[in-house]
Every structure is written in C-alpha cells, then in structure tokens.
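Down below is the structure, laid out as structure tokens.
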C-alpha cells in the first residue's frame, strides 16, 4: 500500500504542476499561512477538513515546484522529505512548518489541488491572446583615381598583397571565402583589376553579409584551436546561439533560460576545462532561477512582473520571506567550484539581492516599453526608427544580462575571476549582435571594427590577424558602401596608396 501511495504521489505531482513563479507562489503560501492562524502546522492535522486538505495539496505542490532536483544531490521529493528540507531553509525555518504527513493524506490533498490547478489553467487558456552602385560608376571612380601610371602600379601592388594574404592565411580564408575565390581566380590578370572590380564588390558584400556565420566557422566549426585556452569551443558555440536568438527577437527570458539551463556547455564537462567555466555555469544558472522567480504568467506580453508588483512584494514581509526561501531552495546547491550558494547567501544578504532583483525587474519594464515602440506603426514604417529601436532593445538586453554579475556578487562574493568571465560573455554577445544588426543596415565598416575587437579578445595571440583584417576588411567595407564614383576614387586613394602619396 505504501509503495502504491508513493507512486500515486509522484504521478499527482507530475500532473498537477503548472508554470508558477516564486513571486506568485510566495503570495499563495502567505495566504495559506495566514488562513491557518499564522502557521502551517494545521495542514496535517488528522481530522482536516476538505478545505485544509486542498491547502495542503497546494502547499506540497509549491514545495515540490521549487525543490532542487537538478543541481544538487537531494533526497527524493516525497512529502516528508520536502517538509524536512524547507525546515532547514533559512527563510522558512522561523515559521511553523507542518509535522510529517502520511502518504494517503498527501495523495488526497494533491489530487484536490491538481483538479483546481487544471481548472484555473483551462480558464486562463480560454481568455489568453496572442501577444548600390552601378558597374559604370565603379569604373568611373577608378578612372578618376588612376590619373597617373604610378597610382595604377601602386594599386596593382595593393591587390597583389591582398590576394597573397587571402591565399596564405587560413583565418582570412574562412572570413572572406568569396573574395578569396575571386582574387585567386583572377590570378596573373590582377593588373587588369579595373575590369573585375564589380565582381570584387559583389564578393566583398557577400562575405561581409555572412560575417556572423563566417566568424562562427572560424571560432567554433573549423579552427577551434585558435581560441585562447580559457575559452572552450562549446561555450563559444552557446554564445553564438544567443546572438542568433537575440537578433531573431527571441524573448530575453527564453535566452536566459537557454544560457542557464539548455545550452550544451551547461551539461557537458571537458577534460582539463578551465575552472572559470564552472563559475560561469553557476552564475548563469542563478540568473535563470531569478528570472523564473519573477515571471508573470498573467501578463504574457511582459518579460517579468511589473515594478509595482515587485514593490508590493517588498512591503509584505511574510510573502517576501517565502519568495526568498523558494529562490534559495532552488539555487542552494549551485556551486562556483569552491563554494555553494548555501554557503554565501544568508538572510543578512537578502536585502542586497532584493535590490538587484528590483533593478532587474525595472529593466524588464524598460525592455517591454522598447518592444511596444518597435511594434507601433510609426516604427514599422520608418527603417531608421526601426533599427534605432532594435539597437535600443539590444542595449537594454545587454544591461539585463549584466545583472548576472550583480547576482553573483551576492551569491559568490569576491570571485573576481567569475566577474571577469561574465564580462567576457557580455562582450562577445554584444559584439556579435551589433555585427548582425550592422550587416542588416549595410554598415560594413563597423562590422569589420566589431569583428576585429572580437577576435582580438578571443583568439590566441599566435594567430592574430587583426592587422590584415582591419586593413583589407575596411577596404572591402568602404568599396561596398560606396554610393558614387567619387566615393570609389576616395577609397582607392585612402587604401591603395602609402601615406603622403596622394599628390603623385
């Protein structure tokens, strides 16, 4: 009978759990606590009425929903194990927890709670709503530039140097494959570069448009050995995925969930992996727990609860303690390699963490407002406004991702290696996202600058390609951005001639 009851208990847990945040569950617990004379003890009395059994079922559902079964070696979440765990929780232990509960009573209680939860979900679902330049101009521009034979010879030398760099450097080959194919295809006809300039321009544009993908090939798919030892390729692959999600307008909570829970580097450990990677895993998991804790399922268009809702929580000491206790219970086993959240996050640090969570919620509201502006007719009809809106969205999103540093400073104090690694996460994601947005705006010069900054940060100095990348990449960008023949002439003047030779 006991074995059957345990199985029934597990099935009821699985069927009854619905998406509820720690914010929402904290108020539910506060209501139950107050309704029972400021105590949880009456929930398990032997002659409990049906209303009390229902409250017990809801209580156990909430306890289980925020019980860590992912990151720590914790006992099976039976009713008595749950109650025992929360008795040790620093935010719950000062409140009167119920004594042990028998399996039959808990099964009946959960069955009642599951029925109510299902009905509420159906009601909510029923009311939910869906929330260039022509060939002639190129040739004319080159003609304006090639006034004298000396300039033509210098230009041939420039293109020969460009071709040699692409032929000899594997990294440049991956970044500019189409350009390399064109220049090597021209071969000894390079002296007649004027006739091929339009094809070159098309090749330049093609490679610049694919810069995000080509960078991914360089850093993840093909030449991972060029990364610094502190940067595993699987971790880098996760950051590339984040930028794709961000530019494709995935919700920021979904991206935080990917980084903290679903990314491959969260579940794969490597031989001789840098200690900093485990630190990053823990910090991103903590950020995910906090993000989930302030989700507002009744406001589907908002990423998290509204700031006034969080302020309401802060004014209710009972609900606030339960909220912090639920967050603690989910994250207590997270470790940065040397310490667990449970070792550092004590009740006397709660106010500091709450201030950071409050700022996090405020940024969520700012993100919501930017999203609303982007979706208005005025922005949709004006490309300049629309792209400005996207950059505003990116900036707020990066500020939100930076919250991981603040949360970690509380839960993993004085860990400077972790703080530096989280700065790296933000740096990479922001550079890649800006590259993607600038490609869409055809701001190719900035694409090259951002790519140069990124590679300088990530690759081993032995494989440094920043000089040829910036020199030849900037030339490609400038030609691609040229609007008329005068622009082309100016570009050739700038890149093909040595300094001080413009008056030859």
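In this note's numbering, the protein residues as written are 29 to 532. Using N, Cα and C, we set each Cβ at its ideal position, and we do this for glycine too.
(Q) Once the 5 residues before and after residue 523 are set aside, which same chain residues still bring their CB inside 8 Å of it? (A) The residue you call residue 523 lines up with position 495 of the chain shown. Hits under 8 Å: 186, 499, 502, 503 and 506.
**Q.** Enclosing alpha helix (DSSP H) for residue 454 [first to last residue]
**A.** The residue given as residue 454 occupies position 426 in the chain shown. Here the alpha helix (DSSP H) through residue 454 covers 444-468.
Q. Which value, in whole angstroms, describes the spacing of the CA atoms of residue 101 and residue 483?
A. Residue mapping note: residue 101 aligns to position 73 of the chain shown, counting from 1. Residue mapping note: residue 483 aligns to position 455 of the chain shown, counting from 1. For residue 101 and residue 483, the distance between alpha carbons rounds to 40 Å.
**Q.** Contained alpha helix (DSSP H) runs [length at least 4] in the region 394-446, N- to C-terminal order
**A.** Correct list: 405-408, 411-429 and 431-439.
Q. DSSP three-state call for residue 487: helix, strand or coil?
A. Indexing the chain shown from 1 puts residue 487 at position 459. Three-state result, residue 487: strand.
Q) By DSSP, does residue 368 sit in helix, in strand, or in coil? A) The sequence position of residue 368 within the chain shown is 340, counting from 1. Strand, per DSSP.
(Q) Between which residues of its own chain and residue 360 is the CB-CB distance below 6 Å, once the five residues before and five after are set aside? (A) Within the chain shown, the letter at position 332 stands for residue 360. 369 and 370, listed in sequence order.
**Q.** Candidates 250, 253, 204 and 228: closest to residue 238 by CA position
**A.** In the chain shown, residue 238 corresponds to position 210, counting from 1. Selected option, being the one with the closest Cα: 204.
**Q.** residue 58, buried or exposed, once every other Cβ within 10 Å from all chains shown has been counted against 16
**A.** To locate residue 58, count along the chain shown from 1; it is residue 30. That one is buried.
Q | Limits of the alpha helix (DSSP H) - the one that residue 114 falls within | A | Reading the chain shown from its first residue, position 86 is the one you call residue 114. Where residue 114 is concerned, the enclosing alpha helix (DSSP H) stretches over 107-115.
Q: Answer yes or no: do residue 254 and residue 488 have a C-beta to C-beta separation smaller than 7 Å?
A: By 1-based counting over the chain shown, the position of residue 254 is 226. By 1-based counting over the chain shown, the position of residue 488 is 460. Result yes, Cβ atoms of residue 254 and residue 488 sit closer than 7 Å.
Q.
Across the region 226-238 and the region 205-217, are there enough close Cβ pairs to call them in contact, namely three or more that are closer than 8 Å?
A. yes
Q. Does DSSP put residue 148 in a helix, a strand or coil?
A. For the purposes of this step, residue 148 is taken as residue 120 along the chain shown, with counting starting at 1. Note that residue 148 scores a pLDDT of 47, beneath 50, so its modelled location is shaky and nothing firm can be said.
(Q) On the DSSP bridge list, what partners appear for residue 319? (A) One-based indexing of the chain shown puts residue 319 at position 291. Answer is none; residue 319 lacks a bridge partner.
Q: Can you tell me which of 355, 188, 110 and 307 puts its alpha carbon nearest to the alpha carbon of residue 52?
A: If you number the chain shown from 1, residue 52 lands on position 24. The candidate whose alpha carbon is nearest that of residue 52 is 355.
Q: May I ask you to verify whether the region 412-419 touches the region 464-483, counting CB pairs closer than 8 Å and requiring at least 3?
A: The answer is yes - the region 464-483 touches the region 412-419, with three or more Cβ pairs under 8 Å.
(Q) For a quick check, are the C-beta atoms of residue 312 and residue 285 less than 7 Å apart? (A) Residue 312 sits at position 284 when you count from the first residue of the chain shown. Residue 285 sits at position 257 when you count from the first residue of the chain shown. Contact: no.
**Q.** Within 7 Å, strictly: CB atoms of residue 347 and residue 56
**A.** The residue labelled residue 347 in the question sits at position 319 within the chain shown. The residue labelled residue 56 in the question sits at position 28 within the chain shown. Taking the C-beta atoms as reference points, residue 56 is found no nearer than 7 Å to residue 347.
Q) When we look at the beta-carbon of residue 490 and count the other beta-carbons within 10 Å, is it buried (16 or more) or exposed? A) Translated into the one-based positions of the chain shown, residue 490 becomes position 462. Exposed, by the Cβ-count rule.
**Q.** Selection from 64, 95 and 97 that minimises the alpha carbon distance to residue 81
**A.** Mapped onto the chain shown, residue 81 falls at position 53. The shortest C-alpha separation from residue 81 is found at 64.
Q) With respect to the alpha helix (DSSP H) encompassing residue 504, which residues constitute its N-terminal and C-terminal limits? A) The count along the chain shown starts at 1 and reaches residue 504 at position 476. Start and end: 494-509.
Q. Does the distance from the CB of residue 115 to the CB of residue 122 come in under 7 Å?
A. Translated into the one-based positions of the chain shown, residue 115 becomes position 87. Translated into the one-based positions of the chain shown, residue 122 becomes position 94. In this structure, residue 122 does not lie closer than 7 Å to residue 115 by Cβ.
Q.
So, with DSSP's three-state summary, where would you put residue 481?
A. The residue you call residue 481 lines up with position 453 of the chain shown. Helix at residue 481.
Q. Taking Cβ to Cβ, would you say residue 267 is nearer than 7 Å to residue 445?
A. Position 239 of the chain shown, counted from the start, is the residue given in the question as residue 267. Position 417 of the chain shown, counted from the start, is the residue given in the question as residue 445. No.
Q) When the distance is taken between beta carbons, is residue 136 closer than 7 Å to residue 110? A) As a first step, residue 110 is located in the chain shown; it is residue number 82 there, counting from the start. As a first step, residue 136 is located in the chain shown; it is residue number 108 there, counting from the start. Taking 7 Å as the Cβ cut-off, residue 110 and residue 136 do not qualify as a contacting pair.
Q) Got a sec: does the ligand NAD put a non-hydrogen atom nearer than 6 Å to the Cβ of residue 103? A) In the structure shown, the ligand NAD is absent, as is every other ligand, since no ligand is present at all.
Q) Mind checking whether residue 292 and residue 262 have CB atoms under 7 Å apart? A) Residue mapping note: residue 292 aligns to position 264 of the chain shown, counting from 1. Residue mapping note: residue 262 aligns to position 234 of the chain shown, counting from 1. Going by C-beta atoms, residue 292 is nearer than 7 Å to residue 262.
Q.
I need the DSSP call for residue 363, collapsed to helix, strand or coil.
A. Locating residue 363 in the chain shown gives position 335, counting from the first residue. In the structure shown, the three-state DSSP call for residue 363 is strand.
**Q.** Cβ-based neighbour list, residue 476, same chain, cut-off 6 Å, excluding 5 preceding and 5 following
**A.** The count along the chain shown starts at 1 and reaches residue 476 at position 448. Result list for residue 476: 501, 502 and 505, in chain order.
**Q.** Own chain partners of residue 190 with C-beta closer than 7 Å, once the 5 adjacent residues on each side are dropped
**A.** Taking the first residue of the chain shown as position 1, residue 190 is located at position 162. Closer than 7 Å at the Cβ level, and outside the excluded window around residue 190, lie 211 and 500.
Q: Under the assumption that residue 281 contacts residue 335 (Cβ atoms under 8 Å), give the Cβ distance between them as a whole number of angstroms.
A: Counting from 1 along the chain shown, the entry for residue 281 is found at position 253. Counting from 1 along the chain shown, the entry for residue 335 is found at position 307. Residue 281 to residue 335, Cβ: 16 Å. No contact.
Q. Which residue from 389, 380 and 283 puts its Cα closest to that of residue 322?
A. The residue labelled residue 322 in the question sits at position 294 within the chain shown. Per the Cα distances, 389.
**Q.** Cβ-Cβ separation, residue 406 to residue 395 (assumed contact under 8 Å), whole Å
**A.** The residue you call residue 395 lines up with position 367 of the chain shown. The residue you call residue 406 lines up with position 378 of the chain shown. Rounded to the nearest angstrom, the Cβ distance from residue 395 to residue 406 is 19 Å, too far for a contact under 8 Å.
Q: Give the range of the alpha helix (DSSP H) segment to which residue 97 is assigned.
A: Taking the chain shown and counting its residues from 1, one reaches residue 97 at position 69. Element bounds for residue 97: n/a, residue is neither H nor E.
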